[in-house]
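Take a look at the structure below.
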Amino acid sequence: MVGWVPLDMKLRLKKAETFIDRVKRHHKFGLGDTPLILQYDKRVGDMRSWIWPHENGVPIPPNKLDQYRYTHYFKGPCCVCAFVKDDCAFSEAKMGLIQLIRQSADANCLGQYAAICAKQECDYFVPLERYFGHPNLITGEYSKREILTANEDVPIRIMDPFLFMTDDTEETIKRAGLKQIQTLRDDSNALRGTNQFLRREDPNKFVHLQHSLQTLLAKGLPADKFWDLFVQCTDCKYVMPQQYFPYYHACIVQVVHPQLGLPRRLPTPQPPDLPLSDVDHEPEDQSSDTEHEDEHVPYIDIDGKLIPVDLSSDDPIYDMPLMEACALLTQRDIASGFGPGPVTPKARCGRP
């Protein structure tokens, strides 16, 4: 029944799942179809189409949608949290560049701009890049903000989407681990890749973290200090001390996006297929095999120069700060043959 809001919470949650299924079904469309981004509308108690903003008939790119909220009377799509909670009239989804943590078999699943539930409670997910550029995309014009006043409904300027549900401060955010969406930015830059937000970390920080872990076991810690110590991978739901993440974690970090300006991937030469009869034979010339081994060394192209990637056992990756190590892992993945590919909306990174 359209517009029916069950009083029983179990029935309401079950109906919320049907809303999410409808959103996911609209992720698939053809060139001649009209793609619809569904959002919950509390006025009718049902899902309705979300209108993509445009200027002079040109749709706003996905990487500028979040910044567009500050200059125009525009909001992101409403997730179904507004349907589940009686005291919530509008629950705006967060729009940004997703960071992915996936197993090595899914290394081609990389970042994309998307809209997700800000609190990650209702599984609302819209791959914005899939809709952008479609010839039949429904767009609309939003009024521009003139002067921002204190009484005006101004978008909340935050540094992290988890501020909606935690007591984090800017300092605790800077010391935190990887998260699902990076929103660190200034007024002149919308959401971009994490490559722009690499930061230096004091080596003494890890000594302090070890001391805090001992304090946690002996006396306990305040709630606002807990996530200074731990980070959760929302792909496998495991929680671990953040100084060990991702080095001792089963998931592999993949933070790559075509717009990040990383070195382009070069195809790695593959050895020719040999007959089965030749497999057991020893090579006639040992020196020739040594020469061909260099053909399989991965390279990256920087300013027209091919630079081999050092994959020795004395890898300095383990001595680097977390974010710098992630960036280096990204470049190595590109050099070793893992390039940008289709993205699955299930890959997530960070704490809940």
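According to the UniProt record's numbering, the sequence shown holds residues 1 to 352 in order. For glycine and all other residues, C-beta sits at the position ideal for the given N, C-alpha and C.
Within 10 angstroms of the beta-carbon of Val-80 lie 16 or more other beta-carbons, which makes it buried. One Cα belongs to Leu-38, the other to Phe-226, and the distance between them is close to 36 angstroms. Within its own chain, the residues whose Cβ lies closer than 7 angstroms to the Cβ of Lys-144, once the five positions on either side in sequence are excluded, are Thr-71, His-72, listed in chain order.
Counting of Cβ neighbours within 10 angstroms places Met-9 among the exposed residues, the total staying below 16. Bounds of the alpha helix (DSSP H) holding Tyr-68 are 65-68. Contact annotation: Ala-115 and Pro-77 have beta-carbon atoms nearer than 8 angstroms. Counting C-beta atoms within 10 angstroms of its own C-beta, Pro-222 has fewer than 16 neighbours from the protein chains shown and is therefore classed as exposed.
DSSP places His-211 within a helical segment (H, G or I) once states are collapsed to three. In this chain, the beta strand (DSSP E) harbouring Val-239 covers 239-241. For the pair Ala-16 and Phe-83, the CB atoms are nearer than the 8 angstroms cut-off. Taking a 10 Å sphere around the C-beta of Tyr-68, we find 16 or more other C-beta atoms and assign the residue as buried.
According to the DSSP secondary-structure assignment, Phe-125 is paired through a beta bridge with Ile-116. By the C-beta density criterion, Leu-36 is buried, having at least 16 other C-beta atoms within 10 angstroms. Between the beta-carbon of Glu-129 and that of Gln-112 there is about 5 angstroms, and that keeps the pair under the 8 angstroms contact cut. The beta carbon of Gln-214 sits closer than 6 angstroms to no other beta carbon from its chain once the five residues preceding and following it are set aside. With a 10 Å radius around the Cβ and a threshold of 16 neighbouring Cβ atoms, Gln-210 comes out exposed. Beta-bridge partners of Val-5 (DSSP): none assigned. In summary, Gly-96 is buried, with 16 or more beta-carbon neighbours lying within 10 Å of its beta-carbon over all protein chains present. Scanning Met-240, Val-207, Val-231, Trp-4 for the CA closest to the CA of Asp-46 turns up Trp-4.
The DSSP-derived three-state label of Tyr-40 is strand. Only residues of its own chain outside the window of five on either side were considered, and among them Asn-136 have a CB closer than 8 angstroms to the CB of Asp-33, listed in chain order.
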